[in-house]
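**Q**
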Amino acid sequence: MAEVAFDILLLLFVAAFIAGFIDSIAGGGGLIAIPALLMAGLPPLETLGTAKLQALFGSGSATLAYSRRGLVDYKVILPMAGLSAAGAVCGALVATILPTDVLQTALPVVLIVIAVYFALKPNVGAVEQVPRMTGFAFGATVVPTIGFYDGIFGPGTGSFFMLAFVALMGAGLLKATAHTKVLNFASNLAGFLVFMVSGVVFWKIGLLMGVGQFLGAQAGSKLAMKNGAKIIRPLLVCSCIAMAVKLLLDPANPVRIMLAL
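Going by the numbering used here, the first residue of the sequence shown is number 20, and it counts up by one from there.
Structure, rendered in structure tokens:
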């Protein structure tokens, strides 16, 4: 790839900061970082690999911030993180052979459902509730499934983890956000390693954006810890709707193609 101009690098840094800020609270940062990388001229596969590298800094930064506040129960979350990583590795490997039309069609609908769920249940996640399934069952089924999705496709992974923690494990929104970042970091790391072995990572761009991600995630996580559900819920709803609209506006989305026929 040719040398990237300074102004493009600056825009990528800013995009990464914004992506890290949003992702640390509600998820969805990939839909800011990935288009920015494509606009910078990176090929699609290299875009995914480089996006995973810079995302590591954001999810890692948020994990560190939430951990310092004692919001992460590592005895519970570390085994789940391993399963999230295993799912992501499988997903990244399958991504090279599986058509993504089904995911592209279903994802906007799922994101809208998540947004409606949190919008219409104003008290959900405000306090912890009784879990609807055991931690073992949750870790063995839900976590690797979402991790697999992160490896094969990616957008909205953080939102899916948060919904799962709140709806199935009865977690409060702040704790759900903290644990989501750990699982997201694990799936990001696993996916990145697959792309790194494949040689499709632009290190200079990825590391530069990683700095932006780290700083953005620190700012976002501090805001979330200060305001709790008051900031997490509306940003989660807006993030899901924005992701759904972004995907539906893509001319290559199967839904757009079907409507055009």
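Cβ atoms here follow ideal geometry from the backbone N, Cα and C, with glycine treated the same way.
Values in this document were obtained by computation on a predicted structure and should not be read as measured data.
Taking the alpha-carbon of I131 as reference, which of M262, P62 and T69 has the nearest alpha-carbon?
**A** In the sequence shown, counting from the first residue as 1, residue 131 sits at position 112. The candidate whose alpha carbon is nearest that of I131 is M262.
**Q** D269 by DSSP, collapsed to three states: which one?
**A** Numbered from its first residue, the sequence shown carries residue 269 at position 250. The answer is coil: DSSP assigns D269 none of H, G, I, E or B.
**Q** Go ahead and pull the three-state DSSP assignment for E22.
**A** Locating residue 22 in the sequence shown gives position 3, counting from the first residue. If DSSP states are grouped into helix, strand and coil, E22 belongs with coil.
**Q** Please state whether DSSP places Q148 in a helix, a strand or coil.
**A** Counted from its first residue, the sequence shown places residue 148 at position 129. Coil.
**Q** I'd like the list of long-range same chain contacts for S43, defined as Cβ closer than 6 angstroms, with 5 residues on each side in sequence excluded.
**A** Position 24 of the sequence shown holds residue 43. Counting only Cβ-Cβ distances below 6 angstroms, and skipping sequence neighbours, we find A81, A236, G239 and S240.
**Q** Using 7 angstroms as the threshold, is the C-beta distance between K265 and L50 below it?
**A** Numbered from 1 along the sequence shown, position 246 holds the residue referred to as residue 265. Numbered from 1 along the sequence shown, position 31 holds the residue referred to as residue 50. Result yes, Cβ atoms of K265 and L50 sit closer than 7 angstroms.
**Q** I need the straight-line Cα distance from L255 to G170, nearest angstrom please.
**A** If you number the sequence shown from 1, residue 255 lands on position 236. If you number the sequence shown from 1, residue 170 lands on position 151. One C-alpha to the other measures close to 22 angstroms.
**Q** On the premise that L187 lies in contact with M152, defined as a C-beta separation below 8 angstroms, what is that separation, rounded to the nearest angstrom?
**A** The residue given as residue 152 occupies position 133 in the sequence shown. The residue given as residue 187 occupies position 168 in the sequence shown. Their Cβ separation, rounded to whole angstroms, is 5 angstroms, which keeps M152 and L187 in contact under 8 angstroms.
**Q** In whole angstroms, what separates the C-alpha of L56 from that of F214?
**A** Sequence index remark: in the sequence shown, residue 56 carries index 37 (1-based). Sequence index remark: in the sequence shown, residue 214 carries index 195 (1-based). Near 16 angstroms, if we compare the C-alpha coordinates of F214 and L56.
**Q** How is F172 classed by DSSP in three states: helix, strand or coil?
**A** Residue mapping note: residue 172 aligns to position 153 of the sequence shown, counting from 1. Coil.
**Q** Measuring CA to CA, which of G46, I41, G47 and L72 is closest to L227?
**A** Locating residue 227 in the sequence shown gives position 208, counting from the first residue. Among G46, I41, G47 and L72, the Cα nearest to that of L227 is on L72.
**Q** Taking only the alpha-carbon atoms, compute the straight-line gap between L30 and A74 and give it to the nearest angstrom.
**A** Translated into positions along the sequence shown, residue 30 becomes position 11. Translated into positions along the sequence shown, residue 74 becomes position 55. Computed Cα separation, rounded: 16 angstroms.
**Q** Alpha carbon to alpha carbon, how far is L102 from V219? Give it in angstroms, no decimals.
**A** Translated into the one-based positions of the sequence shown, residue 219 becomes position 200. Translated into the one-based positions of the sequence shown, residue 102 becomes position 83. Approximately 24 angstroms between the Cα atoms of the pair.
**Q** Please report the residue range of the alpha helix (DSSP H) in which R87 lies.
**A** Sequence index remark: in the sequence shown, residue 87 carries index 68 (1-based). From DSSP, the alpha helix (DSSP H) with R87 extends over P63 to R87.
**Q** In whole angstroms, give me the CA-to-CA distance for Y93 and E22.
**A** Counting from 1 along the sequence shown, the entry for residue 93 is found at position 74. Counting from 1 along the sequence shown, the entry for residue 22 is found at position 3. C-alpha separation (whole angstroms): 42 angstroms.
**Q** Report, in whole angstroms, the separation of the C-beta atoms of F180 and G77, which I expect to be a contact under 8 angstroms.
**A** The count along the sequence shown starts at 1 and reaches residue 180 at position 161. The count along the sequence shown starts at 1 and reaches residue 77 at position 58. Actually they are not in contact, since the Cβ atoms of F180 and G77 sit about 14 angstroms apart, beyond 8 angstroms.
**Q** Can you tell me which of A59, I41, A34 and L64 puts its alpha carbon nearest to the alpha carbon of A52?
**A** Stepping through the sequence shown from its first residue, residue 52 is reached at position 33. Measuring from the Cα of A52, the nearest candidate turns out to be A34.
**Q** In terms of alpha-carbon separation, which member of A183, T176, G189 and T160 lies closest to V149?
**A** Counting from 1 along the sequence shown, the entry for residue 149 is found at position 130. With distances taken between Cα atoms, V149 lies closest to G189.
**Q** Measure from the alpha carbon of S178 to the alpha carbon of each residue in C257, I37 and A24, then state which is nearest.
**A** One-based indexing of the sequence shown puts residue 178 at position 159. Minimum Cα distance to S178 is reached at C257.
**Q** My understanding is that A104 touches G166, with C-beta atoms under 8 angstroms, so please give their C-beta distance in whole angstroms.
**A** Indexing the sequence shown from 1 puts residue 104 at position 85. Indexing the sequence shown from 1 puts residue 166 at position 147. That pair is a contact at about 7 angstroms.
**Q** Cα-Cα, which of V128, P62, G229 and P163 is closest to L202?
**A** On the sequence shown, residue 202 is found 183 positions in, with the first residue counted as 1. Closest by alpha carbon: P163.
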